[in-house]
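Mapping of the sequence shown onto mature numbering (1 follows the signal peptide of the UniProt record, and there is no 0): residues -26 to -1, 1 to 187, in sequence order.
We put the beta carbon where it would ideally sit given N, CA and C, even for glycine.
Just so you know, these numbers come straight off a predicted model, no measurement behind them.
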Amino acid sequence: QLGLQFILWYSILSLNAGVHMPRVLAFPAIAAALLLDEGALAIRKKDIPTPPPPPEWMFNKRNCSCLNWKEAYDLHGAKCGQGLERFADSLWMDKFRIAAYPTDKTAMEYAEKDVCKHMFTRMNFNYAMNTRIAPMHMPDIYPKPHVSLQELSTPQTWCYVRASLTCSMPHGHHVPGTGLSVKLVEPGEDVALRDLPMEKILDLAKTNILDLG
């Protein structure tokens, strides 16, 4: 380092004084003026902070598929009733109240109902479920439904998914107190339980000890 500083100092003085510097010293001086020595370069490299790793969601850009129901409750902290389990025995779904707080009165009531205790929390699979009851016949109620039986008997399906930037759901779909969101499944996205052969559905009911009512 001292030798390099001397050569630079000598070359500057020689040029200012009009002194002809020997070729053997001129080249090292020019090279030293243009290049950094290894020590200085090492110090500069050491001063550069290491960039943080990319966020996990960048590696899971397509990880928006339905989660296993049992894992959503047992591992991710969702309480049965925070999602659309609340409408499992209803003919209508409240589209303006998709997810609820765990302290929500209705959510707490459903957590103790058979539909939660004997079905949803036992489901060890990730098939999407109906958002509400799917009647096979037009219900005899007043006022009459303003939709066809076909539409009434094929409600949209839903499931829990990880809440992430690339898998963001509309406002109000995030499940409070968890890292999950309620996903309303669009056609062709995830397989629904109702789309399976009846033999498969009955086998799942037996394996998971489900009370389908």
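- request: Throw me the rounded Cβ distance for the residue 182 and residue 100 pair, which I believe falls under 8 Å.
  value: Indexing the sequence shown from 1 puts residue 182 at position 208. Indexing the sequence shown from 1 puts residue 100 at position 126. The pair is not a contact, with the Cβ atoms about 12 Å apart (cut-off 8 Å).
message: Nearest by alpha-carbon distance to residue 94: which of 54, 78, 68 and 63 is it?
response: Against the sequence shown, residue 94 aligns to sequence position 120. Cα-wise, what sits closest to residue 94 is 54.
- request: Under 8 Å Cβ to Cβ from residue -3, same chain only, skipping five residues before and after it: list those, please.
  value: On the sequence shown, residue -3 is found 24 positions in, with the first residue counted as 1. Summary for residue -3: the model assigns pLDDT 47, below 50, so the residue's position carries little reliability, and this model does not support an answer.
task: Compute the beta-carbon to beta-carbon distance between residue 50 and residue 154, rounded to the nearest angstrom, for a pair I have assumed lies under 8 Å.
output: Locating residue 50 in the sequence shown gives position 76, counting from the first residue. Locating residue 154 in the sequence shown gives position 180, counting from the first residue. So it is a contact: roughly 5 Å between Cβ atoms.
- prompt: Is residue 71 buried or exposed, if buried means 16 or more other CB atoms sit within 10 Å of its CB?
  reply: Here residue 71 refers to the residue found at position 97 of the sequence shown. The residue is exposed, with fewer than 16 neighbouring Cβ atoms inside 10 Å.
message: Using the three-state DSSP reduction, which class does residue 157 fall into: helix, strand or coil?
response: Taking the first residue of the sequence shown as position 1, residue 157 is located at position 183. In the structure shown, residue 157 sits in a strand (DSSP, three-state: E or B).
field: Contacting residues, own chain, Cβ-Cβ under 7 Å from residue 148 (five flanking each side not counted)
entry: Translated into the one-based positions of the sequence shown, residue 148 becomes position 174. For residue 148, where only same-chain residues beyond five positions count, the Cβ hits under 7 Å are 73, 137 and 155.
query: Can the beta-carbon of residue 150 be found closer than 9 Å to that of residue 75?
result: Residue numbering aside, residue 150 sits at position 176 when the sequence shown is read from its first letter. Residue numbering aside, residue 75 sits at position 101 when the sequence shown is read from its first letter. The answer is yes: Cβ separation under 9 Å.
field: Whole-angstrom C-beta distance between residue 103 and residue 131, which should lie under 8 Å
entry: Here residue 131 refers to the residue found at position 157 of the sequence shown. Here residue 103 refers to the residue found at position 129 of the sequence shown. Indeed they touch by this definition, with Cβ atoms about 6 Å apart.
- prompt: Between the Cα of residue 39 and the Cα atoms of 162, 174 and 180, which residue gives the shortest distance?
  reply: Counted from its first residue, the sequence shown places residue 39 at position 65. If we check each option's Cα against that of residue 39, 162 comes out closest.
message: Please report the straight-line C-alpha distance between residue 69 and residue 78, rounded to a whole angstrom.
response: For this step, residue 69 is matched to residue 95 along the sequence shown. For this step, residue 78 is matched to residue 104 along the sequence shown. Approximately 17 Å, taken between the alpha carbons.
- request: Mark residue 171 as exposed unless 16 or more other C-beta atoms lie within 10 angstroms of its C-beta, in which case mark it buried.
  value: Here residue 171 refers to the residue found at position 197 when the sequence shown is read from its first residue. Per the 10 Å Cβ criterion, exposed.
message: Can you tell me which residues form a DSSP beta bridge with residue 103?
response: Taking the first residue of the sequence shown as position 1, residue 103 is located at position 129. Beta-bridge partners of residue 103 (DSSP): 132.
task: List the endpoints of the continuous alpha helix (DSSP H) containing residue 175.
output: Along the sequence shown, one-based indexing puts residue 175 at 201. Residues 172 to 181.
field: Residues that residue 166 bridges to, as DSSP identifies them
entry: Locating residue 166 in the sequence shown gives position 192, where the first residue counts as 1. DSSP lists 102 as partners of residue 166.
Beta-ladder partner(s) of residue 148, from DSSP: The residue you call residue 148 lines up with position 174 of the sequence shown. According to DSSP, residue 148 shares a beta bridge with 155.
Start-to-end residues for the alpha helix (DSSP H) that takes in residue 90: Translated into positions along the sequence shown, residue 90 becomes position 116. 88 to 91 is the span of the alpha helix (DSSP H), which, as asked, contains residue 90.
- prompt: Can you tell which of 52, 59, 118 and 174 has its C-alpha closest to the C-alpha of residue 84?
  reply: If you number the sequence shown from 1, residue 84 lands on position 110. Selected option, being the one with the closest Cα: 59.
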